[in-house]
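Peer 1: If you're matching them up, the sequences are chains F and R in order. Position one of the first sequence corresponds to residue 1 (this note's numbering), numbered consecutively onward. Position one of the second sequence corresponds to residue 501 (this note's numbering), numbered consecutively onward. For each residue, glycine too, the CB sits at the ideal point set by N, CA and C. A quick note: this is a predicted structure, and the numbers were derived from the prediction, not measured.
There are 2 protein chains.
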Amino acid sequence: MTDSAVLTAHASASSPSASTDAATLDAVAAAAAAAAPLVRASADADCAGWLRAVADALDANAAELVAIADEETHLGTVRLTGEVARTTEQLRLFATVVDDGAWREITVDHADASATPPRPEIRRMLTAVGPVAVYSASNFPFAFSVAGGDTASALAAGCPVIVKAHSGHPRLSVRTAEIVTDALTTAGAPDGIFALVVGREAGNALVQHPAIAAAGFTGSLSGGRALFDLASGRPDPIPFYGELGSINPVVITAAAIAARGGSLATGLAGSFTLGSGQFCTKPGVVFVPTGTAFADDLAAAVGPATTGRLLTDRIASAFPVGLAALAADDSVTIVVGAIDSDTDAPQPVVLRTDARAVATRPDTLLEECFGPVTLLVEYADEAELFAALGALGGSLTATLHSEPGEEVASLVERLSQVAGRVLFAGWPTGVAVTWSQHHGGPWPATTSLHTSVGASAIRRFLRPIAFQDAPDALLPAPLRDANLAAAPRRVDGTLLLAAG
Amino acid sequence: MTDSAVLTAHASASSPSASTDAATLDAVAAAAAAAAPLVRASADADCAGWLRAVADALDANAAELVAIADEETHLGTVRLTGEVARTTEQLRLFATVVDDGAWREITVDHADASATPPRPEIRRMLTAVGPVAVYSASNFPFAFSVAGGDTASALAAGCPVIVKAHSGHPRLSVRTAEIVTDALTTAGAPDGIFALVVGREAGNALVQHPAIAAAGFTGSLSGGRALFDLASGRPDPIPFYGELGSINPVVITAAAIAARGGSLATGLAGSFTLGSGQFCTKPGVVFVPTGTAFADDLAAAVGPATTGRLLTDRIASAFPVGLAALAADDSVTIVVGAIDSDTDAPQPVVLRTDARAVATRPDTLLEECFGPVTLLVEYADEAELFAALGALGGSLTATLHSEPGEEVASLVERLSQVAGRVLFAGWPTGVAVTWSQHHGGPWPATTSLHTSVGASAIRRFLRPIAFQDAPDALLPAPLRDANLAAAPRRVDGTLLLAAG
């Protein structure tokens, strides 16, 4: 399949919302399947080069892309420009991960004729699982979209990628895909390594397509669950890595409020309104002691500001519905804002309830509400706090603001059980792109043990393969004697670093 | 929950098949949930010690266990004695894995105030996912049962384990569980770390129990798929690691037959009849060139020998049914044995078909048949061979017997796509217990990218957790400054070995 044929799979720029039909999806999937062994067997230097070429091309076209994105999402050029930089930084981090070689987890046990029974030689590594379906999110039109973390980590693993465009930014999706495809082609990547499909039906068909070996998703609980069920219900189930929803609890102790209540209020106000409250790491529920001035401080910090327009009509219309559902609980009062939020320019909203109510009605009060709202939960004592924390489901993050010397070990233990990242300073809406980052958590934060952010995201698209008593020339290149020392590896049980 | 209370969960030795009722299952699950944070936070030295204590206790009681197992499975004391040794070796390997520390994948990125935006400190590690359900297999009453690879790797990960006993060896299951529980208790492991439940209903309830965080399974495609669907269908889906079925293709070239056809026939005969053909790695389909004497050689190698009784009445009655289904295909002829196999002492069976038939009717001819049978598939040329190989589903293993200098790269590529372990000498029924081993493959060989055998089995029961800007004293012990150097780790992007 030629490059131009791949491009027909994504709707033309003049009609970016046209759905991909079944025949085109089949052709795209067949091209990905044909590319899979070539991409899998590519040299690390080539694969890393492709990732850097994509990053460079996106940077070179950032102004055009940001302009389209701002028209389609109203996120603003400052935020969007930063997001392009974050996205290309992420692509380059995965290039570094590929270069490093540890991702392949090369493991060699030499033959041992003296063992009972005699042991053969086995050489093992991780290898690409095959074509990956990626479902874009609306809230990060670059970092979690066409060239986002799922795409970057799947390409780094050596997998062709087929992206399902998000309907919230159709023109941006097509233009980004064109730039990615051109960059990959120019850099010498195999035809079929990348494509974009459009439309809900194509998305549903994609996760069920026999050529697809795994899927990555960022979006809503309902949409993600539907695709998860399709992936799991296949005759041959495939792994589905979804990020579905998170309320990101924050716990603030009395001592912390006494020491720095004002600055905590300012920090929280900035965090829950960031991106109009449309971050998956938005602090949605904040546990504070009763009898403090924190609610007043937060009200002052939020002030009369409005936030930007919400991303899509669907999110905009869902926001007041979600607010009303929370406010309908007898325990809830309004600290800041109004329930019938202006859908064109929603005002930040702060609600207040108490820990007893949360412990008894978690299904109502701990429901994620996408948009600029946070719920203060007042606790009278530690028993009330822990009872309410016991009702929490999984989240991407949990944040504790306490003071030195406080006895918080059991609190940290509890927060560690419900979240994938536990913060002790700052706010969860900042997600550094580093080796150590983890952006995942117990259901429904993510569907699996793995994550779409951070270096280990690559692992989701790798499977082990072992070769027993293979002639050197028939081994994949990374497992051959002459190449072993180039990467970190475990030999006869001992971990070794890359030479030189 | 006291140790004696845990023991009531597995039926008493006098009535080992009594099903576990719902109240008892709840109590066992609650005990596992209560134990989970203690087991998770245990020191590596303690956890490794528990594994070694279990291994020592099983070795000390091997004679009694083998006697029970031989009564229940008819596998013979030689094979069963070897399997106990393999099982305790596996437990000790996982103790070594725990000691090594690399499994925790400690990753630290220090804060960088000069970055844009400034980067916080993040420390990340893998940690236990929570209580694990383990479903025993019938064919390895030790190595894939109560104290088998799933149990060993889950305990090594720091997870409590609840085993669903296999109905094929009920007394052995109870006795093994008693020994494991006693050993764990004596070694100081937390109450609730281990329990056994009995009965299909309890097994179905177990994988759906809110306390269970992951499941491991070895068994049939139908049974595994049913449990996979229950695990995936939960309100909070959990990972289900199943090993479900494998036909383990073997390809033999004309040159290999010319060079060593006799010894290949002898090796194949030993492999497909091993354990009465009840290994998941049994070579079930063997591609050989047309016009050779290999079938005759194989017939001679098999000889008039009978194999032992099959493991369970269900397997025994299914074997002739499976044979008849294969033989019903017009292309199939009988080389050795009879279709109406004696279910008490089944005779080995060799069937023969051709590659064209396999390519056109894979659903009939590539169906796994548990028991001492293998199917020779004759190919006229490479085109026929590849067409038939293209119809293969996933397998645990694929074996190639060729001669030096033959052009087999594309054959190796094809076999690498369908199997998790590719062999170039010997036969797949030997599975060495080593760091490098991989016992998994594309569906239906296994449900996931991971495996129940080999050091990386531990990873299935671990989830990442990251701590951002945490005070040292509030970090889990392995992430504290004073302990970092004790394990392999990545710091600011650089991989480092354990000190000393």
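#1: Answer with yes or no whether the minimum CB distance from F/W435 to chain R is below 8 Å.
#2: Between which two residues does the alpha helix (DSSP H) containing R/Q968 stretch?
#3: Under a Cβ-count criterion, where at least 16 other Cβ atoms within 10 Å of its own Cβ denotes burial, should F/H110 be classed as buried or exposed?
#4: Secondary structure at R/V788, three-state DSSP: helix, strand or coil?
#5: Along the chain, where does the alpha helix (DSSP H) containing R/A657 start, and where does it finish?
#6: Between the alpha carbons of F/H10 and F/I68, how many angstroms are there, rounded?
#7: Taking 7 Å as the cut-off, is the C-beta of R/T792 nearer than that to any heavy atom in the ligand GTP?
#8: Can the beta-carbon of R/L949 be found closer than 8 Å to that of F/P117?
#9: Take F/T312 and list the residues in its own chain whose beta-carbon comes closer than 7 Å to its own, dropping the five residues that flank it on each side.
#10: Less than 7 Å between C-beta atoms, sequence neighbours within five positions excluded: which residues of the same chain meet that for R/R604?
#11: Following the continuous beta strand (DSSP E) through R/D609, name the residue where it begins and the one where it ends.
#12: Tell me which same chain residues have a C-beta within less than 8 Å of the C-beta of F/L268, skipping the five on either side of it?
#13: Determine, using beta carbons only, whether R/S948 comes closer than 8 Å to chain F.
#14: Output needed for R/A533: all residues of its chain with C-beta closer than 7 Å, excluding positions within five of it in sequence on either side, in chain order.
#15: In terms of DSSP beta bridges, what is R/P749 paired with?
#16: Going by other Cβ atoms of all chains shown within 10 Å of its Cβ, with 16 needed for buried, is R/S746 buried or exposed?
#17: Does the Cβ-Cβ distance between F/G188 and F/D46 come in under 8 Å?
#18: Let me check one thing: in DSSP terms, what residues is R/H901 bridge-paired to?
#19: What residues of chain F sit near R/A602, judged by a beta carbon separation below 7 Å?
#20: What does DSSP give as the partner residue(s) for R/R989 in the beta ladder?
#21: According to DSSP, which residues form a beta bridge with F/D112?
#22: Quick one: does F/D472 have its CB under 8 Å from some CB of chain R?
#23: Can you tell me whether R/V506 is buried or exposed, with buried defined as 16 or more other CB within 10 angstroms of its CB?
#24: For a cutoff of 8 Å on Cβ pairs, would you count R/W943 as touching chain F?
#25: Under 8 Å between C-beta atoms, does R/A985 make it to chain F?
#26: Are F/F386 and F/R414 close, meaning C-beta to C-beta below 8 Å?
#27: Assess contact between the segment 152–166 of chain F and the segment 182–202 of chain F, defined as three or more Cβ pairs (one per stretch) separated by less than 8 Å. Is contact present?
#28: With burial defined as no fewer than 16 other Cβ atoms inside 10 Å of the residue's Cβ, what is the status of R/N704: buried or exposed?
#29: Using the three-state DSSP reduction, which class does R/A715 fall into: helix, strand or coil?
#30: For F/A22, which three-state DSSP category applies?
#31: Could you pull out every unbroken beta strand (DSSP E) segment of at least 3 residues lying fully inside the segment 362–437 of chain F, listed in chain order?
#32: Between the Cα of R/A970 and the Cα atoms of F/T446, F/L423, F/G430 and F/T429, which residue gives the shortest distance?
#33: In angstroms, rounded to a whole number, what distance separates the CA positions of R/A898 and R/P944?
#34: Taking C-beta to C-beta, are R/L551 and R/L591 nearer than 8 Å?
#35: Answer yes or no: does any C-beta atom of chain R fall closer than 8 Å to that of F/P372?
#36: Using a threshold of 8 Å, state whether the C-beta atoms of R/A714 and R/R960 are closer than that.
Peer 2: For this structure:
#1: Residue 435 of chain F sits at position 435 when you count from the first residue of the first sequence. Taking Cβ atoms only, chain R reaches closer than 8 Å to F/W435, which makes this a yes.
#2: Residue mapping note: residue 968 of chain R aligns to position 468 of the second sequence, counting from 1. No alpha helix (DSSP H) contains R/Q968, which is instead part of the beta strand (DSSP E) from L962 to Q968.
#3: Sequence index remark: in the first sequence, residue 110 of chain F carries index 110 (1-based). Exposed is the call here.
#4: Locating residue 788 of chain R in the second sequence gives position 288, counting from the first residue. Strand.
#5: By one-based count along the second sequence, residue 657 of chain R stands at place 157. Unbroken alpha helix (DSSP H) run through R/A657: G649 to A657.
#6: As a first step, residue 10 of chain F is located in the first sequence; it is residue number 10 there, counting from the start. As a first step, residue 68 of chain F is located in the first sequence; it is residue number 68 there, counting from the start. Model confidence at F/H10 stands at a pLDDT of 47, short of 50, so the residue's coordinates are unreliable; what they give is reported in the following sentence. Near 17 Å, if we compare the C-alpha coordinates of F/I68 and F/H10.
#7: As far as ligands go, the structure on display features none, and thus does not contain the ligand GTP.
#8: The residue given as residue 949 of chain R occupies position 449 in the second sequence. The residue given as residue 117 of chain F occupies position 117 in the first sequence. No. Outside cutoff.
#9: Position 312 of the first sequence, counted from the start, is the residue given in the question as residue 312 of chain F. Same-chain partners within the cutoff: S138 and G168.
#10: The residue you call residue 604 of chain R lines up with position 104 of the second sequence. Contacts found: M625, L626, P978 and A987.
#11: Translated into positions along the second sequence, residue 609 of chain R becomes position 109. Counting along the chain, the beta strand (DSSP E) containing R/D609 begins and ends at I606 to D609.
#12: Position 268 of the first sequence holds residue 268 of chain F. Answer for F/L268: V250, P283, V286, L298, A301, T374 and W427, listed in chain order.
#13: Indexing the second sequence from 1 puts residue 948 of chain R at position 448. Yes, its Cβ sits closer than 8 Å to a Cβ of chain F.
#14: Residue 533 of chain R sits at position 33 when you count from the first residue of the second sequence. The residues are P631 and A711.
#15: Start at 1 with the first residue of the second sequence, and residue 749 of chain R comes out as number 249. Answer by DSSP bridge pairing, in chain order: R/V785.
#16: Along the second sequence, one-based indexing puts residue 746 of chain R at 246. The residue is buried, with at least 16 neighbouring Cβ atoms inside 10 Å.
#17: Residue 188 of chain F sits at position 188 when you count from the first residue of the first sequence. Residue 46 of chain F sits at position 46 when you count from the first residue of the first sequence. Yes, these two residues count as a Cβ contact at 8 Å.
#18: Against the second sequence, residue 901 of chain R aligns to sequence position 401. Beta-bridge pairing links R/H901 to R/I752.
#19: Your numbering for residue 602 of chain R matches position 102 in the second sequence. Near R/A602 (Cβ distances below 7 Å), the residues of chain F are L495.
#20: Numbered from 1 along the second sequence, position 489 holds the residue referred to as residue 989 of chain R. For R/R989, which the question treats as bridged, DSSP gives the partners R/I606 and R/L996.
#21: Numbered from its first residue, the first sequence carries residue 112 of chain F at position 112. Answer is F/R119, bridged to F/D112.
#22: Taking the first residue of the first sequence as 1, we reach residue 472 of chain F at position 472. Not one chain R Cβ lies under 8 Å of F/D472.
#23: Residue 506 of chain R sits at position 6 when you count from the first residue of the second sequence. Residue placement at R/V506 is poorly supported in this model, since its pLDDT is 41, which falls under 50; the coordinates still yield a value, given next. With 16 or more Cβ atoms within 10 Å of its Cβ, R/V506 is classed as buried.
#24: For the purposes of this step, residue 943 of chain R is taken as residue 443 along the second sequence, with counting starting at 1. By this cut-off, R/W943 is an interface position.
#25: For the purposes of this step, residue 985 of chain R is identified with residue 485 of the second sequence, where counting begins at 1. No, R/A985 does not count as interfacial toward chain F.
#26: Walking along the first sequence from the start, residue 386 of chain F turns up at place 386. Walking along the first sequence from the start, residue 414 of chain F turns up at place 414. Cβ atoms of F/F386 and F/R414: closer than 8 Å.
#27: yes
#28: The count along the second sequence starts at 1 and reaches residue 704 of chain R at position 204. By the neighbour-count rule (16 or more Cβ atoms within 10 Å), R/N704 is not buried but exposed.
#29: Numbered from its first residue, the second sequence carries residue 715 of chain R at position 215. Looking at R/A715 - three-state DSSP - the assignment turns out to be strand.
#30: Translated into positions along the first sequence, residue 22 of chain F becomes position 22. In the structure shown, F/A22 sits in a helix (DSSP, three-state: H, G or I).
#31: 373–379, 395–401 and 419–423
#32: What you label residue 970 of chain R is simply residue 470 of the second sequence in a count that begins at 1. Ranking the options by Cα distance to R/A970, first place goes to F/L423.
#33: For this step, residue 898 of chain R is matched to residue 398 along the second sequence. For this step, residue 944 of chain R is matched to residue 444 along the second sequence. If I take the Cα positions, the gap works out to 14 Å.
#34: Position 51 of the second sequence, counted from the first residue, corresponds to residue 551 of chain R. Position 91 of the second sequence, counted from the first residue, corresponds to residue 591 of chain R. Yes.
#35: Taking the first sequence and counting its residues from 1, one reaches residue 372 of chain F at position 372. Taking Cβ atoms only, chain R never reaches closer than 8 Å to F/P372, which makes this a no.
#36: Stepping through the second sequence from its first residue, residue 714 of chain R is reached at position 214. Stepping through the second sequence from its first residue, residue 960 of chain R is reached at position 460. Yes, Cβ-Cβ distance for R/A714 and R/R960 is below 8 Å.
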